[in-house]
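From first to last, the protein sequence lines are chains A and B. Quick note on our numbering: the first sequence kicks off at 1 and runs consecutively. Quick note on our numbering: the second sequence kicks off at 1001 and runs consecutively.
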Amino acid sequence: MSLSRRNFIKSTALLGGGLAIGFNLSGCSKAPPYPNMNATALQPNAYLQVTASGEVILQLHKVEMGQGVFTGLTTLAAEELKMDPALITVQHAEFHPDFRDPEFYVMITGGSSSLRLSYQTLREAAATVAAMLIAAAAQQLNVAESSLNLHDGKIIHAQGELGFADVIVRARGMSAPSVVTLTSPQDFQYIGKYDQRLDARAKVTGSSQFGLDVQYPNALSAVLLRSPDFGGKAKSFDAIAALAKSGVRSVINVDGAIAVIADTYWQARQAASAVKVEWEKGPLAGVNSDALRAERHSLLATESGKNVEEIGDPSAASGVLFDALYDVPYLAHATMEPMNALAVVKSDSIEVWTGNQAPDIALSAIADATGFSREQIRIHNQMLGGGFGRRILPDYLVEAARVAQLSGYPIKLVWSREDDMRGDFYRPNSSVKMSATVEANVVTSLQAKVAAPSIMGQFVGEVSNTLLPQWIPDGLHGKLAGLAASSDPAATEGLIETDYQFPYMRTDYIMQETSIPIGYWRSVGHSQNAFFMESFIDELAVKTGQDALQFRLNHLPVDSRRRKVLKEVADKAGWGSPAAGQFQGLAVHESFHTMVAQIVSVSIEDKKIKVHKVVCVVDCGVAVNPDIVRGQMEGGIVFALTAALKGNISVVDGAVQQSNFHNYELLRMNETPEIEVHILESAEAPTGVGEPGVPPLAPALANAVYAASGQRLRQLPLKLV
Amino acid sequence: MAELSFTLNGQTQALTIDSGTPLLWVLREQLAMTGTKFGCGMGLCGACTVHLDGQPIRSCSYPAEFVNGKNITTIEGLAPTEDTLHPVQQAWLEMSVPQCGYCQSGQIMSAVALLKANSSPSDDDIDKAMSGNICRCGTYPRIRKAIHRAAELSVQYYQPATTEVGAES
Ligand code: FES
Ligand code: FES
């Protein structure tokens, strides 16, 4: 088979969400059987199966990491099958090409896209199953299909009911209809109405199974000692003392890290502290995050960068120039469940149990590292104890597979919190010069110049080696990465394609060359760009003596979605009349096709910021499960408050300084404000909610702090002086 | 090596452990009770919270030898029966608290201990009792509501006639 260059380029489309680059290489082998393929079951597509006993099984092709797909996707299928979502058995799907994402070209959970991109597909898949069951029952009963209805796993007819099991043999013999009719929105029983979380019960009883909870007979525990600086490798090690410790089985060098293998995690961890390792410094030794920031500032002063967007004519930018420099630091994902994977390597197969957002990428990465073929590898996904983008990367799966391969044992690899904090792929640090021209109190231009490293450049470099066919020379991978990097949409997303209107608008991007590992962090580029944009908009309102809400409305088209959420949030929060002693700040931001506005109320005492309340309005199309939408907004706000008030990962001599929750603090209960969420009514198809609650918080908070203190804080985390 | 014998969720356990092993790893690895989670290993996050004679402890930092002869309750031992939930679990369900769910065993164990000591806690009491438990998913607003709800449910719960209150609907 040959992959034409044209197709190749097509399938490496760069995406607006900034999430991923896809390489669809499945064309050469025939499609594998559907999951659980079973001769006695009805299974017209990869998503759904009705077993001989009448059980409906849904393959969850997106992972559940708290964002609610376990419930949301099941609800979509339940709607067409006309059954209570709780009656459907949900299984974490293994890789299948039909589960590849139509925008990212790989099987991945990210970009707040699960509901949006499954809305049609999954309802069609379920409607197909429903139509086949009805057709089979009609034949069996010799009645018209129109006289039959589905209800809670039964087929209802004039004289009584049939179970799915009663018609399954006949249904299996039928061909799937080529067209199906979907339930029309006014008849929805579950979409927009269902308010449970299907995964909640197991999560309150402790029976929900996360990667870390998987048991495998005789599996040993492994911990890895990695170089303190990124990219460093073990030169030599002395494990004599470690090997003498209780339960220790072996200590080996695995691709430059030292694996300590013991009967239990605690034994492995204890023994690890007795291993003496001599490290060879990596390419990032000597790199400091402070120096990187200084470098970005000088890039902003000297480089013109690459133009990403230009609207209007430069000559329109008349009047006095006003500019401001903004900065954000590296951030860690800090999922509550540290990275882990259990790997079993046999002579002709590898199985991995873990929680991972991109099994497609992981399959290739493991294949590349072990020499096995993708077809020999199976990944069994579990519940994820948080993802936030961290678990898109396959590094911890590869490690487990390699330790298992080299040691010959079934291996459960568990990272400590310190490993997790220091071995992350961080939200990039980034600096922006925002500028505007003002003439006669009118803003005539708005410009942003971004200096930031490129996630895309690193990600493509990281994964292309595993996703491109062997025959593509290595040099091309690097070129591709470079190509992707210089126009990385994640660097400027949220600064461009806004519907703010100024006579001249321009955004430029200067890529900072650095290779501290960076990655996709809940809301990606929006996480910092909303802070830059919406803080500066506030500065412009102040500069021109206008109310922050009115200033925004004045610069938005009449049909803008921003207007709607802005007006609603102003109304709900009582914009302009804060509680006594409190001050309000406002921000609005669109990300992942979802529009969110927030008003934050603060007070300040002894230079300490106290956040009292956040009012949030979201426009996400149809809210499939409104309560989960509210939960995602609440959670996004808390996540963003951590970043705005505390988050900072610093690097000294190529090594991360933070290690655990005492020096990388997360927001706690006593610091959490009251949060009120309102969902705009909408008839549009659903858009994502996992990430869009995050971006507007930092600027709304910074704007409130300005209102309270007169201090314009242009760096995160916010600190009053 | 040390011999360890204690009561876990009402059942006697006797086993040999390496001296110094934290209770968390004895529970998770040697006894395969995985409802109790590992988050930080330093007593900073509360994911590993269990009860020692009714009091909350951080099992990641608690040497298992110290529980010799004592009663340990974990999330698995909270519900009175298979299909009945503890009122705190029930309140958690009603408020749809869990997101990823990873921190929730610890949150629930801390909340149960709080309610045992204080049957109708104020927001301040909740802040004090719960601030040792981190939730990265940010479910704190719902935890607060669920604790207030659990306080209501508990009143009925401890009256024998209504022990069914925890049943899943
Ligand atoms: S794991 Fe014990 S407090 Fe974090
Ligand atoms: S629910 Fe995910 S950490 Fe609390």
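The beta carbon of each residue, even a glycine, is placed where N, CA and C say it ideally should be.
Given this structure, state the Cα-to-Cα distance separating residue i from residue j, to the nearest angstrom.
i: Gly1166(B); j: Thr1074(B); result: Because the pLDDT of Gly1166(B) is 41, which lies under 50, any placement of that residue in the model is unreliable, and the number read from its coordinates should be weighed accordingly. So the two alpha carbons sit approximately 18 Å from each other.
i: Cys1040(B); j: Leu212(A); result: 14 Å
i: Lys306(A); j: Pro695(A); result: 24 Å
i: Ser26(A); j: Asn356(A); result: Summary for Ser26(A): the model assigns pLDDT 39, below 50, so the residue's position carries little reliability, and this model does not support an answer.
i: Lys297(A); j: Phe639(A); result: The sequence given here has His at residue 297(A), not Lys. Their Cα atoms are separated by approximately 28 Å.
i: Ala451(A); j: Val1097(B); result: 39 Å
i: Phe1038(B); j: Phe592(A); result: 33 Å
i: Ile1143(B); j: Met1095(B); result: 8 Å
i: Val617(A); j: Leu566(A); result: 8 Å
i: Ala242(A); j: Val275(A); result: 6 Å
i: Asp538(A); j: Ala587(A); result: 8 Å
i: Ala1064(B); j: Gly710(A); result: 54 Å
i: Gly68(A); j: Val438(A); result: 45 Å
i: Leu76(A); j: Gln43(A); result: 17 Å
i: Ala317(A); j: Glu534(A); result: 20 Å
i: Gly206(A); j: Leu1027(B); result: 13 Å
i: Arg201(A); j: Val403(A); result: 35 Å
i: Gln1013(B); j: Val1050(B); result: 16 Å
i: Gln1107(B); j: Leu1078(B); result: 13 Å
i: Leu720(A); j: Ala700(A); result: 16 Å
i: Gly494(A); j: Pro692(A); result: 11 Å
In chain order, what residues of the same chain lie with their CB nearer than 7 Å to the CB of residue i, ignoring the 5 residues before and after it?
i: Cys1137(B); result: Gln1099, Cys1100
i: Ser1154(B); result: Pro1087, Leu1115, Ser1119
i: Ala490(A); result: Gly18, Ile455, Met456, Val524, Gly525
Check the C-beta distance from residue i over to residue j and give it rounded, since I have them as a contact under 8 Å.
i: Val56(A); j: Ile88(A); result: 5 Å
i: Ala573(A); j: Gln584(A); result: 7 Å
i: Val260(A); j: Leu225(A); result: 7 Å
i: Leu342(A); j: Tyr216(A); result: 6 Å
i: Phe685(A); j: Gly636(A); result: Here the sequence assigns Ala to residue 685(A), which means Phe is not the residue at that position. 21 Å between Cβ atoms; not a contact.
i: Leu48(A); j: Ala127(A); result: Wrong, their Cβ atoms sit about 10 Å apart, outside the cutoff.
i: Pro410(A); j: Ala365(A); result: Their Cβ separation, rounded to whole angstroms, is 20 Å, which puts Pro410(A) and Ala365(A) out of contact at 8 Å.
i: Ile518(A); j: Tyr426(A); result: 5 Å
Where do the ends of the beta strand (DSSP E) carrying residue i lie?
i: Ile599(A); result: 594-605
i: Asn343(A); result: The sequence given here has Ala at residue 343(A), not Asn. That run of the beta strand (DSSP E) goes 340-345.
i: Thr1073(B); result: 1071-1073
i: Ala1079(B); result: Element bounds for Ala1079(B): n/a, residue is neither H nor E.
i: Ile510(A); result: 504-511
i: Ala448(A); result: 442-452
i: Asp323(A); result: 320-328
i: Glu674(A); result: 674-679
Does any heavy atom of ligand 2 sit closer than 8 Å to the C-beta of residue i?
i: Gln1089(B); result: no
i: Cys1100(B); result: yes
i: Cys1137(B); result: yes
i: Ile1134(B); result: yes
i: Gln1104(B); result: yes
i: Gly319(A); result: no
i: Gly386(A); result: yes
i: Glu67(A); result: Reading off the sequence shown, one finds Gln at residue 67(A), where the question assumed Glu. Checking every heavy atom of ligand 2 against the Cβ of Gln67(A), none is found closer than 8 Å.
Give every residue of the same chain whose Cβ lies closer than 8 Å to the Cβ of residue i, excluding the five residues on either side of it in the sequence, and list them in chain order.
i: Asp323(A); result: Lys433, Met434, Ser435, Ala436
i: Ser2(A); result: Confidence at Ser2(A) is low in this model, with a pLDDT of 30, below 50, so its placement is unreliable and the value that follows should be read with caution. Nothing meets the Cβ criterion.
Leaving aside the five residues before and after residue i along the sequence, list all residues of the same chain whose C-beta is less than 6 Å from its C-beta, in chain order.
i: Glu674(A); result: Lys613
i: Phe372(A); result: Ile350
i: Ser4(A); result: Low confidence applies to Ser4(A): its pLDDT is 29, below 50, so where it sits in the model is not reliable, and the reading given next is rough at best. Closer than 6 Å at Cβ, skipping near neighbours: no residue.
i: Arg269(A); result: Val223
i: Asp1053(B); result: Lys1070, Asn1071
Mind checking which residues open and close the alpha helix (DSSP H) that includes residue i?
i: Asp1124(B); result: 1123-1130
i: Ala78(A); result: 69-81
i: Val1112(B); result: 1104-1117
i: Asn529(A); result: 526-543
i: Pro32(A); result: Run containing Pro32(A): none; DSSP gives neither H nor E here.
i: Lys564(A); result: 561-573
Is the closest heavy atom of ligand 1 to the C-beta of residue i under 8 Å?
i: Met1130(B); result: no
i: Thr672(A); result: no
i: Ala334(A); result: no
i: Ser416(A); result: no
Answer yes or no: the CB of residue i versus the heavy atoms of ligand 4, is any distance below 8 Å?
i: Ala1047(B); result: Annotation note on ligand 4: not contained in the displayed structure, which lists ligand 1 and ligand 2 as its ligands.
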